[in-house]
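> If you read the sequences in order, they're chains A and B. The opening residue of the first sequence carries number 172 in the numbering used here; numbering runs sequentially from there. The opening residue of the second sequence carries number 172 in the numbering used here; numbering runs sequentially from there. Heads up, the beta-carbon is just placed ideally off N, CA and C, and yes, glycines get one too. No experiment lies behind these values; they were computed from the predicted model shown.
Number of protein chains: 2
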Amino acid sequence: MFNIDLKSSLPIYEQVINSVKESLLKGYFKSGDALPSVRKLSTMLGVNPNTVAKAYTELERQGVIVTVKGRGTFISDKPNSVDISSELEKIRPILAGLKLGGAENGDILTNVKRLLEELDGEESKL
Amino acid sequence: MFNIDLKSSLPIYEQVINSVKESLLKGYFKSGDALPSVRKLSTMLGVNPNTVAKAYTELERQGVIVTVKGRGTFISDKPNSVDISSELEKIRPILAGLKLGGAENGDILTNVKRLLEELDGEESKL
DNA sequence: TAAGTGTATTATAACACATAGTACACTATA
DNA sequence: TATAGTGTACTATGTGTTATAATACACTTA
């Protein structure tokens, strides 16, 4: 479910954020569903509770989840909309690296399309 | 030419790396051309020479540039090929964020295509 | 009452980033 | 031969991020 690589250079809390988002897209969670508690998820992952709490805080800031003191953390029904162009600026240097490394525009586009469909999960295949 | 934002959260040396790569793709440099020296570029950008040296070291590791002791740094004629799938893994979380933020697959693909063409620079429009 | 929630705080350690200053070996040129 | 310019290496310092550890508090549910 939540796949974390402790040896990755990507910070653990960011991996948690990404993992939650992908789980949502793939339909593993629905609006209103409860996420694992901070302490439970931290023991599941073998990670400090503060690290999970940091991920949840950021996810709430983005409107992906909603926290209720004393009760738990739940999936939001309407995540904040994001600025497409600013997010695309993060992709730009990766694309530049791919092109310098010999990748063709067509191949890159095909793979991005495959990635997008993969993120749509199983429900989209019905 | 080399556009650097000292206030960005992206490390300066990474911005230099990206800047050099994009300049190459856009045709501002050809194989064999000399890059600004470490000390010269550092004063141009208002940055420590060690920071520029770090960027150049990484660019050489990727085969983008070649350094000759005592002479300078030059554009390589054959950058190392990159692993497409591993690079795409960096794009995955960004795409997930876009989709959660309400972006449609079609819009995302259109923008990625536009980015790719933008990186091809002016020579491709002849 | 007891257990489980999110949250906050302080402290510590490790690492990345950037700067500063210095030094060395090399190359090109006056 | 000097001089200036090149990449490179090193130590030191400061700052910020990441992650852990250990508590503590207020809240909710059973």
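(1) Report all residues from its chain with a CB closer than 6 Å to the CB of B:G277; omit the five preceding and five following residues, and keep chain order.
(2) Can you name the residues of chain B whose CB is closer than 9 Å to the CB of A:E229?
(3) Would a check of beta-carbon distances place A:L196 closer than 8 Å to chain B?
(4) Residues of chain B with a CB under 9 Å from the CB of A:D278: which are they?
(5) Do B:A224 and B:I188 count as a contact pair if the criterion is CB distance below 8 Å?
(6) Expressed to the nearest angstrom, what Euclidean distance is found between the alpha-carbon atoms of A:A274 and B:P220?
(7) Taking 8 Å as the threshold (C-beta atoms), are B:D291 and B:F245 in contact?
(8) Run down chain B in chain order and give the residues with a C-beta less than 7 Å from the C-beta of A:S252.
(9) Going by DSSP, which residues form a beta bridge with A:A205?
(10) Just the C-alpha distance for A:L181 and A:K201, rounded to the nearest angstrom, thanks.
(11) Hey, how far is the Cα of B:I183 from the Cα of A:R242?
(12) Taking DSSP as the reference, what is the three-state secondary structure of B:I175?
(13) For the candidate residues B:D176, B:T228, B:K192 and B:M172, whose alpha-carbon lies nearest to that of A:L271?
(14) Looking at the C-beta of A:K261, does it have a partner C-beta in chain B at a distance below 8 Å?
(15) Which of the residues in the region 204-224 of chain B, read from start to end, lie with their CB under 8 Å from any CB of chain A?
Straight from the coordinates:
(1) Excluding residues within five positions, none has a Cβ falling inside 6 Å.
(2) By Cβ distance, chain B contributes nothing, its closest Cβ being about 11 Å from A:E229, past 9 Å.
(3) For A:L196, at least one C-beta of chain B is nearer than 8 Å to its own C-beta.
(4) I255, listed in chain order.
(5) Contact flag unset, no.
(6) Those two C-alpha atoms are separated by around 32 Å.
(7) Their beta carbons are not under 8 Å apart, which means B:F245 does not touch B:D291 by this criterion.
(8) Scanning chain B for C-beta atoms nearer than 7 Å to the C-beta of A:S252 yields G272 and G273, reported in chain order.
(9) In DSSP, A:A205 forms a bridge with A:F245.
(10) If I take the Cα positions, the gap works out to 27 Å.
(11) B:I183 and A:R242 have their C-alpha atoms roughly 43 Å apart.
(12) Shown here, B:I175 sits in coil according to DSSP, grouped into three states, outside any helix or strand.
(13) It is B:K192 whose Cα lies nearest to the Cα of A:L271.
(14) Chain B contact via Cβ: present.
(15) So nothing in the stretch comes that close.
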